[in-house]
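The sequence shown maps to residues 33 to 178 in this note's numbering.
Have a look at the structure below, then the notes.
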Amino acid sequence: MMKIPVMVIDDETVDRYTAKRRLDKHGGFDEVVEVASGDQFLEKYCNEKNGLQPDRPLLILIDINMPGRNGFETIAEFEKRQKLGVAPQAVVVMMFTSSGNPKDKAAAASFSLVRGYIEKPLDAAGAEELYQIYRAAFPDIVDAIA
Numbered sequence: 033m034m035k036i037p038v039m040v041i042d043d044e045t046v047d048r049y050t051a052k053r054r055l056d057k058h059g060g061f062d063e064v065v066e067v068a069s070g071d072q073f074l075e076k077y078c079n080e081k082n083g084l085q086p087d088r089p090l091l092i093l094i095d096i097n098m099p100g101r102n103g104f105e106t107i108a109e110f111e112k113r114q115k116l117g118v119a120p121q122a123v124v125v126m127m128f129t130s131s132g133n134p135k136d137k138a139a140a141a142s143f144s145l146v147r148g149y150i151e152k153p154l155d156a157a158g159a160e161e162l163y164q165i166y167r168a169a170f171p172d173i174v175d176a177i178a
């Protein structure tokens, strides 16, 4: 089974921990990188100095409601940095939130990078859904590595 590289961006330690454990249990995901804020993600992984270029497309789970730059603002800035070539190009972005607000879902759908919306806490069905969404987005890569 192909292992998918994952980054979880969430200000809540317990939510990052729960997601990491669930993804580890699934077995289809590589080591999960945890980041506590959108600003930290952009600063550490999406700049000219340390642009993150993983060997496979990256799955990003990002919370909507975070202090500082929220999830939507982070995705907007990430898109700008992609155009500058200092952010990973091949990504699957999933909004990862406890908000069931229809306005949040509509806002998430307005970003071309966002492939879906997963509600917290992440359960086994959610982990499998993430795996299948990634496989659908990058079938050639999945087939080549599997």
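Heads up, the beta-carbon is just placed ideally off N, CA and C, and yes, glycines get one too.
- Contact between N102 and S131 fails: their C-beta atoms lie close to 11 Å from each other, not under 8 Å.
- The residues K152, P153 and L154, in chain order, have a CB closer than 8 Å to that of T50 in the same chain once the five nearest residues on each side in sequence are set aside.
- Residues K152 of the same chain have their beta carbon placed closer than 6 Å to that of D47, with the five preceding and five following residues left out of the count.
- Assigned with DSSP and collapsed to three states, V118 falls in coil, not helix or strand.
- For the pair of segments examined, the stretch 53 to 64 was found not to touch the stretch 105 to 119: the number of CB pairs separated by less than 8 Å stays below three.
- Between Y77 and T45, the alpha-carbon positions lie close to 20 Å from each other.
- Take the alpha-carbon of E111 and the one of N133: they are about 24 Å apart.
- Looking at the DSSP output, F128 shares a beta bridge with I150.
- Bounds of the beta strand (DSSP E) holding E63 are F61 to V67.
- Counting every other CB atom within 10 Å of its CB across the protein chains shown gives D95 a total of 16 or more, marking it as buried.
- For I165, the enclosing alpha helix (DSSP H) starts and ends at A156 to A169.
- In the DSSP assignment, M98 is bridged to no other residue.
- Less than 8 Å separates the beta-carbon of V38 from that of L91.
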